[in-house]
Amino acid sequence: MLVAARHRGPGPAKYMLPGTVGYKAHDCTRKMSPAYSLGMRHSSLRFASVSSPGPQYVVKQGMTRNGPSGSPAFTLHGRINTTSSFQTPAPGAYSPEKVPPMREKRPAAYSFGSRTNYRSTNSTPAPNAYTLPSLLGSRIALKSSSAAYSLSARNKISTSNEQTPGPGAYRVSDTQVFKRKYPAYSMSGRNFMPQDTVVLPGPGQYTPEKVYMTKKTAPRFSFGIKHSEFISPLITNADMS
Numbered sequence: 001m002l003v004a005a006r007h008r009g010p011g012p013a014k015y016m017l018p019g020t021v022g023y024k025a026h027d028c029t030r031k032m033s034p035a036y037s038l039g040m041r042h043s044s045l046r047f048a049s050v051s052s053p054g055p056q057y058v059v060k061q062g063m064t065r066n067g068p069s070g071s072p073a074f075t076l077h078g079r080i081n082t083t084s085s086f087q088t089p090a091p092g093a094y095s096p097e098k099v100p101p102m103r104e105k106r107p108a109a110y111s112f113g114s115r116t117n118y119r120s121t122n123s124t125p126a127p128n129a130y131t132l133p134s135l136l137g138s139r140i141a142l143k144s145s146s147a148a149y150s151l152s153a154r155n156k157i158s159t160s161n162e163q164t165p166g167p168g169a170y171r172v173s174d175t176q177v178f179k180r181k182y183p184a185y186s187m188s189g190r191n192f193m194p195q196d197t198v199v200l201p202g203p204g205q206y207t208p209e210k211v212y213m214t215k216k217t218a219p220r221f222s223f224g225i226k227h228s229e230f231i232s233p234l235i236t237n238a239d240m241s
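The UniProt record's numbering numbers the first residue of the sequence shown as 1 and each following residue consecutively.
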């Protein structure tokens, strides 16, 4: 028989704890010391070729860090096109005497404008092109209509061919369902005497005087099995405090 408690589990050497040396997989709960690494020696061919321009820039004469230094220089360009003269009216071109005095009543003045352009062809239908719904009958939901009647075909006379159930087709409910029910009796079969052949003990076979349940008795002991070593001890909260 396999007992699960016999498997004690792996030993301390079974667990792989994180190391404290190096940078990779270092224990996060420990302080990490400075780490150094050794690289390869730089080759002399690395600086053999020129990788940046040297002092080969051409600086103009008189150029300072604030700009060129010297007297101002001028250049000649083409002539600018002259604009046409603006025909500004002279003071005598105005007629202020024709202006009526301000804040005084003046007669109505009308002016003739140019003829208005013809409108393009309007495709809007005329008023007589609309067909309003008729008020006869119940056709408009927003208008009250009078009572309307319709004529239908003549109904057929009832014949015997109709599959209508008769009075006898309905099941009458039992009156005991909704009325008071009278007592009902039933007759069972005849009872026979038991024919058991099992030998049962009689009243004299019992010895009640040997029973000591109601009396004091001496202590008695029995031999049991050895306690298992896998049973955990009972530890309460009082033991932990």
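No residue lacks a Cβ here, since even glycine has one placed at the ideal position from N, Cα and C.
What you are looking at is a predicted structure, and each value in this text was computed from that prediction instead of being measured.
Is the CB-CB distance between residue i and residue j below 9 Å?
{"i": "glutamine 176", "j": "tyrosine 185", "result": "no"}
{"i": "alanine 148", "j": "serine 134", "result": "no"}
{"i": "leucine 38", "j": "aspartate 27", "result": "no"}
{"i": "serine 145", "j": "leucine 136", "result": "yes"}
{"i": "glycine 70", "j": "glycine 62", "result": "yes"}
Near residue i, which residues of its chain fall below 8 Å by C-beta distance, leaving aside the five closest residues on each side in sequence?
{"i": "lysine 60", "result": "Pro68"}
{"i": "serine 111", "result": "none"}
In the DSSP assignment, find the alpha helix (DSSP H) that holds residue i and state where it starts and stops.
{"i": "threonine 197", "result": "Premise fails: threonine 197 is in no alpha helix (DSSP H) and is neither H nor E."}
{"i": "alanine 238", "result": "237-240"}
{"i": "glutamine 176", "result": "175-178"}
Kindly indicate which residue of the options has the alpha-carbon position closest to the one of residue i.
{"i": "arginine 30", "options": "Ala13, Ser37, Thr64, Gly19", "result": "Gly19"}
{"i": "tyrosine 23", "options": "Tyr36, Pro12, Met16", "result": "Tyr36"}
Shorter than 8 Å, the distance from the beta carbon of residue i to the closest heavy atom of the ligand NAD, or not?
{"i": "serine 84", "result": "Absent from the structure shown: the ligand NAD. Ligands present: none."}
Excluding sequence positions up to five away, which residues of its chain have a Cβ less than 7 Å from the Cβ of residue i?
{"i": "arginine 106", "result": "Pro100"}
Exercise for the section: Only counting runs of 3 or more residues, tell me where the beta strand (DSSP E) segments fall wholly within the stretch 103-132, in order along the chain. Expected result: Here no run is fully enclosed.
Handout entry: Segments assigned alpha helix (DSSP H), at least 4 residues, entirely inside the stretch 205-240
Key = Segments of the alpha helix (DSSP H) lying fully in the stretch 205-240: 237-240.
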